[in-house]
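Below: the structure, in structure tokens.
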Amino acid sequence: MFPERFSNLPAYAFPRLRALLDVHEPGGTVRHMSIGEPKHAFPAWVTEVIAEHAAEFGRYPPNEGTPELRTAISDWVQRRYDVEVDPDTQVLALNGTREGLYNAGMALCPAGATVLMPNPFYQVYMISAISAAAEPVFVPATKATGHLPDFGALDTETLDRAALCYICSPANPQGVMASEAYWQDLISLGEKHDFQILADECYCEIYRDTPPVGALQVARAMGASAERVLTFHSLSKRSNLPGLRSGFVAGGPESIARMKQLRAYSGAPVPLPLQRASERLWMDEAHVDENRALYGAKYDLADRIFGNVPGYMSPQAGMFLWLPVEDGEAATLKLWQQTGVRVLPGAYLSRDTAAGNPGHGYIRVALVAPYEDTKTGLTLIRDCLFGQE
Numbered sequence: 001m002f003p004e005r006f007s008n009l010p011a012y013a014f015p016r017l018r019a020l021l022d023v024h025e026p027g028g029t030v031r032h033m034s035i036g037e038p039k040h041a042f043p044a045w046v047t048e049v050i051a052e053h054a055a056e057f058g059r060y061p062p063n064e065g066t067p068e069l070r071t072a073i074s075d076w077v078q079r080r081y082d083v084e085v086d087p088d089t090q091v092l093a094l095n096g097t098r099e100g101l102y103n104a105g106m107a108l109c110p111a112g113a114t115v116l117m118p119n120p121f122y123q124v125y126m127i128s129a130i131s132a133a134a135e136p137v138f139v140p141a142t143k144a145t146g147h148l149p150d151f152g153a154l155d156t157e158t159l160d161r162a163a164l165c166y167i168c169s170p171a172n173p174q175g176v177m178a179s180e181a182y183w184q185d186l187i188s189l190g191e192k193h194d195f196q197i198l199a200d201e202c203y204c205e206i207y208r209d210t211p212p213v214g215a216l217q218v219a220r221a222m223g224a225s226a227e228r229v230l231t232f233h234s235l236s237k238r239s240n241l242p243g244l245r246s247g248f249v250a251g252g253p254e255s256i257a258r259m260k261q262l263r264a265y266s267g268a269p270v271p272l273p274l275q276r277a278s279e280r281l282w283m284d285e286a287h288v289d290e291n292r293a294l295y296g297a298k299y300d301l302a303d304r305i306f307g308n309v310p311g312y313m314s315p316q317a318g319m320f321l322w323l324p325v326e327d328g329e330a331a332t333l334k335l336w337q338q339t340g341v342r343v344l345p346g347a348y349l350s351r352d353t354a355a356g357n358p359g360h361g362y363i364r365v366a367l368v369a370p371y372e373d374t375k376t377g378l379t380l381i382r383d384c385l386f387g388q389e
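Note that the UniProt record's numbering has the sequence shown beginning at 1, numbered continuously upward.
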């Protein structure tokens with residue numbers, strides 16, 4: 001029988017979107033701006049590396065990642081955050097960050113605990129908590145809180161029961177970055193109430209000018225326990241390779257050991273030729289700089305198109321706009337029927353609570369298409385929903 005704790009789950013965001021839109025004809029050329037699937041070119045040499053190592057498809061890949069890949073990851077963490085992590089005990093290769101974010105809950109969360117997470121949120125946080133027989137606690141990330149959750153506002157009982165806290169920075173969907181002070185407050189809260197912080201930092205290489213502060217670097221500077229923070233990263237956004245399914249988690253040796261143990265039974269290791277390509281990608285920064293510049297141009301484009309829209313928030317980082325509207329679902333349907341532009345209602349990324357749904361008055365717009373396509377799509381959105389400027 002299907003476990004009761006899964007019986008009242010809302011439909012996932014994209015099946016809900018299909019149910020909303022696909023019974024209606026689009027009002028123009030279909031433009032997909034709903035999903036964060038990067039469309040910029042990945043480095044051409046990636047396919048060469050995979051082909052060079054194609055014979056290794058005939059071998060079972062190491063579950064935790066090759067020593068060379070884990071070393072490349074460790075070296076990148078050192079360069080990016082000035083933090084040393086042991087590639088043998090503090091790094092675990094992942095089949096994309098979604099897998100790791102889910103399995104962290106299964107490996108580290110005791111049944112009956114609370115798991116804190118922002119609202120809106122990446123839906124895997126919730127299902128990981130539910131799978132671990134824990135209670136997800138949705139903390140609003142709204143304009144009033146700077147679009148980051150104020151976990152310190154929770155009551156002491158909830159905090160004392162917390163085992164894990166998921167947080168995304170740069171935030172999906174709002175595009176804001178946690179400051180050093182924010183990380184310090186959250187890590188101090190975790191130390192006080194003894195919960196671990198799962199820092200989803202997969203958008204950390206897409207930003208305007210200043211790199212986002214990393215959770216690990218703040219934790220180390222504070223002298224926090226090595227087990228307090230685990231950080232999750234991916235090549236999907238950094239390198240425009242969502243189909244490679246390659247990422248990693250880094251953190252304390254005990255936590256990584258528990259995740260490795262679970263993954264030995266249930267994980268899907270990254271195939272060896274893809275691990276070889278991943279190793280090269282973590283070693284190369286030129287393609288990351290080029291990618292960041294492309295997003296920077298689209299941030300400026302969005303500012304020009306929506307700058308006069310009341311409540312418009314210029315993104316600090318990431319690949320989305322979080323646009324204020326009266327009703328996100330109604331706006332999404334109107335856009336589809338009148339223009340063919342496909343976006344995502346903010347409420348589909350949020351959970352209804354007693355205080356309402358913090359995503360209700362927003363739509364999420366992905367900035368992943370090439371510049372001219374993005375320009376056309378954003379102009380159609382402005383003209384349809386906000387009137388011509």
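From the three backbone atoms N, C-alpha and C, an ideal C-beta is built for every residue, glycine too.
What are the partner residues of residue i, as DSSP defines its beta bridges?
| i | result |
| --- | --- |
| residue 200 | 168, 232 |
| residue 363 | 323, 345 |
| residue 135 | 114 |
| residue 182 | DSSP output for residue 182 lists no bridge partner at all. |
| residue 207 | 317 |
| residue 31 | 341 |
| residue 356 | 353 |
Are the Cβ atoms of residue i and residue j separated by less than 7 Å?
| i | j | result |
| --- | --- | --- |
| residue 110 | residue 364 | no |
| residue 68 | residue 279 | yes |
| residue 16 | residue 348 | yes |
| residue 58 | residue 206 | no |
| residue 306 | residue 91 | no |
| residue 39 | residue 369 | yes |
| residue 277 | residue 77 | no |
| residue 340 | residue 28 | yes |
| residue 134 | residue 113 | yes |
Can you grab the Cα-Cα spacing for the pair residue i / residue j, in whole Å?
| i | j | result |
| --- | --- | --- |
| residue 283 | residue 354 | 47 Å |
| residue 163 | residue 188 | 14 Å |
| residue 332 | residue 89 | 46 Å |
| residue 129 | residue 195 | 14 Å |
| residue 140 | residue 176 | 14 Å |
| residue 66 | residue 239 | 20 Å |
| residue 382 | residue 185 | 38 Å |
| residue 294 | residue 260 | 36 Å |
| residue 82 | residue 308 | 40 Å |
| residue 219 | residue 8 | 37 Å |
| residue 386 | residue 330 | 14 Å |
| residue 64 | residue 274 | 14 Å |
| residue 320 | residue 3 | 35 Å |
| residue 346 | residue 52 | 43 Å |
First and last residue of the beta strand (DSSP E) that includes residue i?
| i | result |
| --- | --- |
| residue 328 | It is not in any beta strand (DSSP E) - residue 328 instead sits in the alpha helix (DSSP H) that spans 328-339. |
| residue 93 | 91-94 |
| residue 250 | 247-250 |
Please classify residue i as buried or exposed, where buried requires at least 16 other C-beta atoms within 10 Å of its C-beta.
| i | result |
| --- | --- |
| residue 147 | buried |
| residue 246 | buried |
| residue 24 | exposed |
| residue 105 | buried |
| residue 30 | exposed |
| residue 18 | exposed |
| residue 250 | buried |
| residue 236 | buried |
| residue 100 | buried |
| residue 60 | exposed |
| residue 374 | buried |
| residue 231 | buried |
Go to residue i, then tell me how far its alpha helix (DSSP H) extends in each direction, as first and last residue.
| i | result |
| --- | --- |
| residue 381 | 371-381 |
| residue 97 | 97-108 |
| residue 275 | 272-283 |
| residue 298 | 286-306 |
Would residue i pass as an interface residue toward chain C - the criterion being a Cβ-Cβ separation below 7 Å?
| i | result |
| --- | --- |
| residue 292 | The structure shown contains no chain C; it is built from a single protein chain. |
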